[in-house]
Structure formats: C-alpha cells, structure tokens
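Enquirer: Quick one: structure below, then a few questions.
In the numbering used here, the protein residues as written are 427 to 1011.
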C-alpha cells in the first residue's frame, strides 16, 4: 500500500468533501474540530468564516436554496453544535439538502461531561434526516459519501456527522487511516430506499379524476422546486388549462406573470388563491404538505374537494388530509407520467366545461386585488410601496431572501416571482434572523446574480453580525431593512386579537442607529424616510458592488398584513383589507 494513501482522519474528511464536489463551506473553528481546519489550508474548498454558528447553518441553507446543491457547514462541539440546531431544524422542515459536520470530544471522554461535550447526535436526532457518530477514522470516506447521498436523495434534508477529535487528530494513532474511494456499493443503506417513480395505476386514476373535475386547482408546494420540476409543471398546467397556486415555499415555481397563476394561498395569501382552493372540487397537490398556514381550520378546508396528493415522502400522504389518490414519487417524474396518461385519455377537457370556474376566478381577481393606501406627506413609508419599488428597480431574476414576519409576507405578496430558485425564506420553522446569512449563502453560490435580503428590525438584530462576514469575505449582498420599531407581526396580532394590549413588542425608534451600525460592519448604510427617496436609494445600492449595502426604510408601524385568515378560523372567514370589506358583504 502506497504511503500516499496513508493519512489522518482530518485529511480524509477534507478529501471526502472534495470528492463530494464541495466548493464552499461555512464554519467556525474550535477545539474539537481544530485538527480538521489544518488540512483546509491546502484544500480547493473555499471556507467562509462566520461570526456565529447559526449563521453558518443559514448560509449553507441559502446556498442550497439558490444552487440546488447541498450546503455544507462545519463547527466544533458543545455550544457550537447547539448553536446550529436551529438551522438544522429549519432545513429539516423546509426539506433543504445540507450536510453539517460537528466536532466532538475524544471517544474516551464521551459521557464524562468533558469540556464542551454534549450529546450532539441525541440532540439533533429529531431535527435531521439522519445523523452519524463516527467512531473509526477508516469510516470517514464512507460516512461522508452516505451523508451527501441521504441529504440529496428522496425528500432532501439535513444530515449531521459528529466526529470525535481523536480520530481526526494527526498526533493520535487512532486517526491514521488508509484512503479509499467510497463506491455506490457503500450506499446500500439498510432501510433507506427512496421511491421516485410513481405507481402507473395511481397516476392513471389521478388523470381520470382530473378529466372529470369542474373546479380543479393545482396546489404547488416546495417539493416542485426540490425535484427541479418547474418546466414539467408549466407543461402540465398549460396542457390542462388548470389554475395554479404556489405556496410560500413554492414562489417562483410557476411564473406569477402567467395567466393561470393565482398567486400564493394561505394565512396571508391573496383572496383568489385562498378562495380557489376553498371552493375547488379537486386539489392536485404537488410537493405540498397541507400545512396549517395553508389549510386554516382543517375541518373547514376545501370541503367539496377531492384530493390528489403527490409527494416523495410517503409519510406525508394522508397525514393531514385524507386523499383520494396518493402517489409516492418524485414530482418531476410523476408529472411527466401524468402528462403522458392524460394524453392517452385525450388531453385537456373542453374549455366550455370549466368556463363558469374561470369566470368566478377572474371575478375574484378583479374584485379583490392586493391593496394598500400610499402614505401621506410627512408620514412614514408604507412597506408595500418599498417592496414594489424594490421589485420594479431590480432584474427579474434577482434572488430575494427574507426574514420572518410582516416583511416576509409583504415580500411574498408584492414581489413578482417569474423564475424558480429566486425566493429564499424560512417557511416551516419561521426563523427570525434567517435572511442575512441565507442571502450571503445564496450570493456565494450565485456570485453573478443580484441578491437582496428583506429584513425587519427585529430579525436584523438577531443575525446582523454576519454582515461582518459578508464585508470581510467580499460578498456584496444588499439589505432592505424595513424598520417599523416593532415586532410587527406580533403587534398586529395584539392589535387584532388582544384588544390592542401591546405587550413587549416595541423595540425602539432610534436605538440602534442602523446606518452607523452597518457602516461599522463595513457596509454602506443609507436611511430612507419618504417615498421620493425610495427609488434613488435602491438605484444607489444597486450601483455598489464592492461591499454590502444596508438601506434602512423607516416604515409605518400601524400597517397590517391583509388578507388574513385568523388563527382557528376557516379559509372562508378570510379577512380582506378594510377598504374591501364592503365588497365581501
């Protein structure tokens, strides 16, 4: 055996990552993972040094959202591992492919409450697709190959690899191993056999249901993007001339500009999308999971609709809503087979059969568009206006990352998403502080694309330190900070459902000074307080490409997000903007 094949576990780990085609990773070193950081110096992998481990996880997520490739994060043991639990859970709920490597105390010290020891695999078992504790250096190549295989196949998700220090430390005999190339044979993982091809009989049954439906809706979730099925979806929708709703996680999967697109359903979806689902007689769910934010009160959701549900994860079929046809499989492959089955049955039904349904939908669209009142002179900006100006003053393929709260809803409502993989947000977990690190990860993955983060002042204060990372690493993202001095969504709920008893939601109008803070982190800071300043500030930001830019937009704290389905209510009880309430009556 050649000496060149003998190496330390740390060297093997980095080599295994290179073999997995990793180009960039996000992390922060510490004691238990320190031996792995030495071979990084000689590696082709770019390492982004973050300021907090949570930032590393969200950057890996943003990278994965934008590129479709798995994001990689590496941190040390103990508090570093617990700091990355939130991104792991976020990725788990949103099916984001991610591999996280954590250091661990030496094997002999596990269980002794050693310095910076914690049960990382135990803690993360519920928030990862799978996790590994490696106990032999010789197992590292196979384990890393398996981690990437699991993270990217079937329903994507985060995989964690916990590595004790002694099996990667070159001074420890336990770390000496013989390099080998992990093969496909090593991926014969007991109990893990994702099914991607849909059952032909079930696909034919679905096609027959579609042919007889009078009020069908294509209910599209994030699984469409994970399976790279946007083109197949467009073909299906155009063949059948069936309207499409795209959930928060699926914005951009179907072009907003398309005549069949109804927009976003859900708690803050637009009226037509919400009511189309509610009044449909057939919901064709593609890669969606009947989330409570979409269904509203479950026993009142789409009461007359039959359900076709396509999902790569069999656990989702029938989990929330009983299905008439449940098809396990990759969305793209199932849609392609469904198109073939429909062609065999004669293609689309005659347009006359659904003329009344199309008329109803167009009536709703005309009657209940998204509306807001522009701010009067001397008053603070309306956040909706800021989003419209951002949209209209940026290229169609700009990548938009969002935090969580009112600004997230305004962004999903008022931006026009005409390209897949241009919308990056935290859907299932609703993680405040997501947008800035996620935008950094997206920009690292797509350096030639313009990347904007839309954030609120509450979110910004949670992870703004990662703008230091962006400045030092030359990742020139742009941040639209909608500062209303409140935890806006919580304030809205307290106004509407707690008799305006505002408890612990006011942050501060003047502290911190966001412009000075941004400048201190190496960014250009801009403050905007009136409507006529909005477009010039965006133009100025877009012209700066040698450092990050933060625009603080001073927005109206009294503004609420409409439409809205109140918690515990059915979608039929959707609240529209107060200016439209008389139209509902």
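A virtual CB, placed ideally from N, CA and C, is assigned to each residue, including glycine. None of these values were measured; they are calculated from a predicted model.
Taking the beta carbon of residue 797 as the centre, do at least 16 other beta carbons fall within 10 Å, making it buried, or is it exposed?
Expert: Under this definition residue 797 is an exposed residue.
Enquirer: Is it right to say residue 569 is buried, meaning 16 or more other beta carbons lie within 10 angstroms of its own, or is it exposed?
Expert: Result: buried.
Enquirer: In terms of residue numbering, what span does the alpha helix (DSSP H) encompassing residue 516 cover?
Expert: Start and end: 511-519.
Enquirer: In three-state DSSP terms, what is residue 452?
Expert: Residue 452 falls in the strand class under three-state DSSP.
Enquirer: Can you tell which of 623, 990, 676 has its C-alpha closest to the C-alpha of residue 1007?
Expert: The residue with the shortest Cα to Cα distance from residue 1007 is 990.
Enquirer: Quick one: grab the DSSP three-state call for residue 565.
Expert: Note: residue 565 maps to helix in three-state DSSP.
Enquirer: Which residues share a DSSP beta bridge with residue 849?
Expert: DSSP, once it has assigned bridges, lists 826 as partnering residue 849.
Enquirer: Would you mind working out which of 884, 982, 906, 870 sits nearest residue 472, comparing C-alpha positions?
Expert: The shortest Cα separation from residue 472 among 884, 982, 906, 870 belongs to 870.
Enquirer: Looking only at its own chain, which residues have a Cβ that is under 6 Å from the Cβ of residue 523, when we skip the five neighbours before and after it?
Expert: So the qualifying residues of the chain are 490, 496, 577, 578, 582.
Enquirer: What's the gap between the Cα of residue 863 and the Cα of residue 877?
Expert: One C-alpha to the other measures close to 12 Å.
Enquirer: What are the boundary residues of the beta strand (DSSP E) that includes residue 978?
Expert: 975-980 is the extent of the beta strand (DSSP E) around residue 978.
Enquirer: Between which two residues does the alpha helix (DSSP H) holding residue 714 run?
Expert: Counting along the chain, residue 714 falls outside any alpha helix (DSSP H), and DSSP gives it neither H nor E.
Enquirer: What residues in its chain sit with their C-beta under 8 Å from that of residue 564, if we drop five residues either side in the sequence?
Expert: These residues qualify, in order along the chain: 603, 604.
Enquirer: Identify the continuous beta strand (DSSP E) that holds residue 474 and give its terminal residues.
Expert: Looking at the DSSP string, the run of the beta strand (DSSP E) that includes residue 474 is 472-475.
Enquirer: Could you tell me the boundaries of the beta strand (DSSP E) in which residue 559 lies?
Expert: Where residue 559 is concerned, the enclosing beta strand (DSSP E) stretches over 556-559.
Enquirer: What does residue 1014 pair with, by DSSP beta-bridge criteria?
Expert: Only positions 427 to 1011 of the chain appear in this structure, which leaves residue 1014 out of reach.
Enquirer: How should residue 606 be labelled, buried or exposed, when 16 other C-beta atoms within 10 angstroms of its C-beta is the threshold for buried?
Expert: Exposed, by the Cβ-count rule.
Enquirer: Please go through the same chain and pick out, in chain order, the residues whose beta-carbon is closer than 7 Å to the beta-carbon of residue 493, but skip the five residues on each side of it.
Expert: 871, 872, listed in sequence order.
Enquirer: Under three-state DSSP, which class holds residue 582?
Expert: Residue state, collapsed to three classes: coil.
Enquirer: Might you give, ordered along the chain, the residues of its own chain that have their beta carbon closer than 6 Å to the beta carbon of residue 445, omitting 5 neighbours on each side?
Expert: Excluding sequence neighbours, residue 445 sits near nothing in its chain.
Enquirer: Is the separation between the beta-carbon of residue 588 and that of residue 553 shorter than 9 Å?
Expert: Their beta carbons are not under 9 Å apart, which means residue 588 does not touch residue 553 by this criterion.
Enquirer: Under three-state DSSP, which class holds residue 951?
Expert: If DSSP states are grouped into helix, strand and coil, residue 951 belongs with the strands.
Enquirer: At 3 residues or longer, and completely inside the region 832-887: list those beta strand (DSSP E) runs for me, N to C.
Expert: List check, beta strand (DSSP E) in window: 877-882.
Enquirer: What whole-angstrom Cβ distance do residue 644 and residue 669 have, given they're in contact under 8 Å?
Expert: Confirmed, about 7 Å.
Enquirer: Nearest CA to the CA of residue 900: which residue from 476, 548, 447, 448?
Expert: Closest option to residue 900, Cα to Cα, is 476.
Enquirer: For residue 396 and residue 910, which I take to be in contact (beta-carbon distance under 8 Å), what is that distance rounded to the nearest angstrom?
Expert: Shown here, the chain extends from 427 to 1011; a query on residue 396 therefore has no answer.
Enquirer: Closer than 7 Å by C-beta to residue 515: which residues in its own chain qualify, once you throw out the five before and the five after it? Chain order, please.
Expert: For residue 515, where only same-chain residues beyond five positions count, the Cβ hits under 7 Å are 553, 855.
Enquirer: Between residue 1000 and residue 701, is the Cβ-Cβ spacing less than 9 Å?
Expert: Against a cut-off of 9 Å, the Cβ pair of residue 701 and residue 1000 comes out as a contact.
Enquirer: When the distance is taken between beta carbons, is residue 893 closer than 9 Å to residue 947?
Expert: Cβ atoms of residue 947 and residue 893: closer than 9 Å.
Enquirer: With DSSP run on the structure shown, which of helix, strand or coil describes residue 729?
Expert: Coil at residue 729, not helix or strand.
Enquirer: Please state the DSSP three-state secondary structure of residue 457.
Expert: If DSSP states are grouped into helix, strand and coil, residue 457 belongs with the helices.
Enquirer: Leaving aside the five residues before and after residue 683 along the sequence, list all residues of the same chain whose C-beta is less than 7 Å from its C-beta, in chain order.
Expert: Excluding sequence neighbours, residue 683 sits near 842, 844.
Enquirer: Please tell me whether residue 806 and residue 982 are closer than 9 Å, where the distance is taken between their beta carbons.
Expert: Yes, the pair counts as a contact, with Cβ atoms nearer than the cut-off.
Enquirer: Are the beta-carbon atoms of residue 812 and residue 908 separated by less than 9 Å?
Expert: Yes, Cβ-Cβ distance for residue 812 and residue 908 is below 9 Å.
Enquirer: Bridge partners of residue 478, per DSSP?
Expert: For residue 478, which the question treats as bridged, DSSP gives no partner whatsoever.
Enquirer: In angstroms, rounded to a whole number, what distance separates the CA positions of residue 943 and residue 442?
Expert: Looking at the two C-alpha atoms, the distance is approximately 40 Å.
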